[in-house]
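Q: Residue numbers (my numbering): 68 to 386. By construction, the Cβ of each residue, glycine as well, lies at the ideal position given by its N, Cα and C atoms. Here it is, the structure, as structure tokens.
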């Protein structure tokens, strides 16, 4: 007899009750199903019933709580405007600059490269620009004609107002589909645009502080564009650049407001004398008083490379 049982006998004058269950260690097989004790995985029928009911109730309440929180959260969102935007947010107040043609098939590449003598080498670029401009015609019925004194200011005041229709005719001379946007003549046209920021509009430079790079083309109310070589060598090779329109992106199409028919304003740059068989790294910047330029974070600017080749087309021989 164990010492603890011996002490209990001396104190109470009775023998300790024998254990009701077999305390012999179970084997794994007996743990799975113990016929003698009537248990499965160590639990009898009543225990299994209680724990199953508990977890059904627990997870039902948990799911109901999660759905209630999600419903409340979604009801507080505006499908047209981000919850947080503007100064102090990730979106910020400084628009980024984008360009086209950017091929989705090569998402990590910023190189525009083709062979003048091979139409198939620049077909993808022409198709990309053509497809990009198609959206300006597809929603024409959801826009309005805006004169010189009109702008998208009405969109912020009147939710039923139509946005201004962007006029593509400014690109008819030199950068149209008829000329394959300059690609077939070795004078490629590149579209420059700004990222859409809710409520953003350009702020004019004071007359005395217009940057020298755009001073001769700057127009109040617009965003001037200037493209140059990224390095000294690139600046020597980039040649003549034509801007369409000369003043850049027309500011009357701002501010951007989330609406079905909004047409993003753009400008085009045409590389008139870019050299053959040389890679030129291009830096394009947008200019307005409230656009900052930061090389490290690429604020207010965009980089891409242009290489116009002029080489004989090598026909592939069939084996």
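Which residues mark the beginning and the end of the alpha helix (DSSP H) in which residue 132 is found?
A: Counting from one through the chain shown, the residue named residue 132 turns up at place 65. Here the alpha helix (DSSP H) through residue 132 covers 112 to 142.
Q: Could you pull out every unbroken alpha helix (DSSP H) segment of at least 4 residues lying fully inside the segment 171 to 248, listed in chain order?
A: With a minimum length of 4 residues, the continuous alpha helix (DSSP H) runs that stay inside the segment 171 to 248 are 186 to 205, 221 to 224.
Q: When DSSP labels each residue in this structure, what does residue 303 get in the three-state scheme?
A: Locating residue 303 in the chain shown gives position 236, where the first residue counts as 1. Helix, per DSSP.
Q: Using the Cα positions of residue 329 and residue 233, report the straight-line distance between them to the nearest angstrom.
A: Working through the chain shown from its first residue, we reach residue 329 at position 262. Working through the chain shown from its first residue, we reach residue 233 at position 166. Distance between the alpha carbons of residue 329 and residue 233 is about 9 Å.
Q: Please list the terminal residues of the continuous beta strand (DSSP E) segment that includes residue 261.
A: Sequence index remark: in the chain shown, residue 261 carries index 194 (1-based). First-last of the beta strand (DSSP E) with residue 261: 256 to 261.
Q: Among 269, 278, 229, 280, which one has its Cα closest to the Cα of residue 322?
A: Position 255 of the chain shown, counted from the first residue, corresponds to residue 322. Comparing Cα-Cα distances from residue 322 to each of 269, 278, 229, 280, the minimum goes to 269.
Q: For residue 250, which residues does DSSP report across the bridge?
A: Taking the chain shown and counting its residues from 1, the one referred to as residue 250 is at position 183. DSSP, once it has assigned bridges, lists no residue as partnering residue 250.
Q: Strictly by DSSP, which residues pair up with residue 316?
A: If you number the chain shown from 1, residue 316 lands on position 249. Paired residues: 290.
Q: So what does residue 101 bridge to, in DSSP terms?
A: Position 34 of the chain shown, counted from the start, is the residue given in the question as residue 101. According to DSSP, residue 101 bridges with 106.
Q: Check the C-beta distance from residue 161 over to residue 358 and give it rounded, since I have them as a contact under 8 Å.
A: On the chain shown, position 94 is the one that residue 161 refers to. On the chain shown, position 291 is the one that residue 358 refers to. At roughly 6 Å, the Cβ-Cβ gap stays under 8 Å, so residue 161 and residue 358 are in contact.
Q: Who are the near neighbours of residue 111 in its chain, counting only those whose CB is closer than 6 Å to its CB and skipping five residues on each side?
A: Residue mapping note: residue 111 aligns to position 44 of the chain shown, counting from 1. Excluding residues within five positions, the ones whose Cβ falls inside 6 Å are 105.
Q: Which of the three DSSP states, helix, strand or coil, is assigned to residue 309?
A: On the chain shown, residue 309 is found 242 positions in, with the first residue counted as 1. Of the three classes helix, strand and coil, the one that applies to residue 309 here is strand, per DSSP.
Q: Note down the Cα distance separating residue 109 from residue 133, rounded to an integer number of angstroms.
A: Your numbering for residue 109 matches position 42 in the chain shown. Your numbering for residue 133 matches position 66 in the chain shown. For residue 109 and residue 133, the distance between alpha carbons rounds to 33 Å.
Q: Between residue 253 and residue 183, how many whole angstroms is the CB-CB distance? I'm expecting something under 8 Å.
A: Residue numbering aside, residue 253 sits at position 186 when the chain shown is read from its first letter. Residue numbering aside, residue 183 sits at position 116 when the chain shown is read from its first letter. That pair is a contact at about 5 Å.
Q: Count the other C-beta atoms from every protein chain shown that fall within 10 angstroms of the C-beta of residue 364, then say buried if there are 16 or more, exposed otherwise.
A: By one-based count along the chain shown, residue 364 stands at place 297. Residue 364 is exposed by the Cβ-count criterion.
Q: Between residue 354 and residue 285, is the Cβ-Cβ spacing less than 9 Å?
A: By 1-based counting over the chain shown, the position of residue 354 is 287. By 1-based counting over the chain shown, the position of residue 285 is 218. In this structure, residue 285 lies closer than 9 Å to residue 354 by Cβ.
Q: Should residue 117 go down as buried or exposed, given a rule of 16 or more other Cβ atoms within 10 Å for buried?
A: Mapped onto the chain shown, residue 117 falls at position 50. So residue 117 counts as exposed.
Q: Just the Cα atoms here: how many angstroms apart are residue 179 and residue 338?
A: As a first step, residue 179 is located in the chain shown; it is residue number 112 there, counting from the start. As a first step, residue 338 is located in the chain shown; it is residue number 271 there, counting from the start. Their backbone Cα atoms lie some 12 Å apart in a straight line.
Q: Would residue 172 be called buried (16 or more neighbouring beta carbons within 10 Å of its own) or exposed?
A: Taking the chain shown and counting its residues from 1, the one referred to as residue 172 is at position 105. Label assigned to residue 172: exposed.
Q: Taking its Cβ as the centre, do 16 or more other Cβ atoms sit within 10 Å of residue 77, making it buried, or is it exposed?
A: As a first step, residue 77 is located in the chain shown; it is residue number 10 there, counting from the start. Residue placement at residue 77 is poorly supported in this model, since its pLDDT is 48, which falls under 50; the coordinates still yield a value, given next. Result: exposed.
Q: Taking DSSP as the reference, what is the three-state secondary structure of residue 324?
A: Along the chain shown, one-based indexing puts residue 324 at 257. Residue 324: coil per DSSP, three-state reduction.
Q: Is DSSP giving residue 350 helix, strand or coil here?
A: Taking the first residue of the chain shown as 1, we reach residue 350 at position 283. Three-state DSSP puts residue 350 in a strand.
Q: Note the first and the last residue of the continuous beta strand (DSSP E) segment covering residue 370.
A: The sequence position of residue 370 within the chain shown is 303, counting from 1. Its beta strand (DSSP E) spans residues 368 to 376.
Q: In this structure, how does DSSP classify residue 336 when only helix, strand and coil are distinguished?
A: Against the chain shown, residue 336 aligns to sequence position 269. Note: residue 336 maps to strand in three-state DSSP.
Q: Out of curiosity, what's the CA-to-CA distance linking residue 378 and residue 226?
A: Position 311 of the chain shown, counted from the start, is the residue given in the question as residue 378. Position 159 of the chain shown, counted from the start, is the residue given in the question as residue 226. Each residue's Cα considered, the two are about 55 Å apart.
Q: If you draw a straight line from the alpha carbon of residue 370 to that of residue 122, how long is it in whole angstroms?
A: By 1-based counting over the chain shown, the position of residue 370 is 303. By 1-based counting over the chain shown, the position of residue 122 is 55. Their backbone Cα atoms lie some 57 Å apart in a straight line.
Q: Using only CA atoms, which one of 168, 221, 250, 299 lies nearest to residue 187?
A: The residue given as residue 187 occupies position 120 in the chain shown. It is 250 whose Cα lies nearest to the Cα of residue 187.
Q: Can you look up residue 343 in the DSSP assignment and give me helix, strand or coil?
A: Position 276 of the chain shown, counted from the start, is the residue given in the question as residue 343. Note: residue 343 maps to strand in three-state DSSP.
Q: Measure the CB-CB distance between residue 244 and residue 352 and report whether it falls below 9 Å.
A: Residue mapping note: residue 244 aligns to position 177 of the chain shown, counting from 1. Residue mapping note: residue 352 aligns to position 285 of the chain shown, counting from 1. Taking 9 Å as the Cβ cut-off, residue 244 and residue 352 do not qualify as a contacting pair.
Q: The beta strand (DSSP E) spanning residue 166 covers which residue range?
A: The count along the chain shown starts at 1 and reaches residue 166 at position 99. First-last of the beta strand (DSSP E) with residue 166: 164 to 167.
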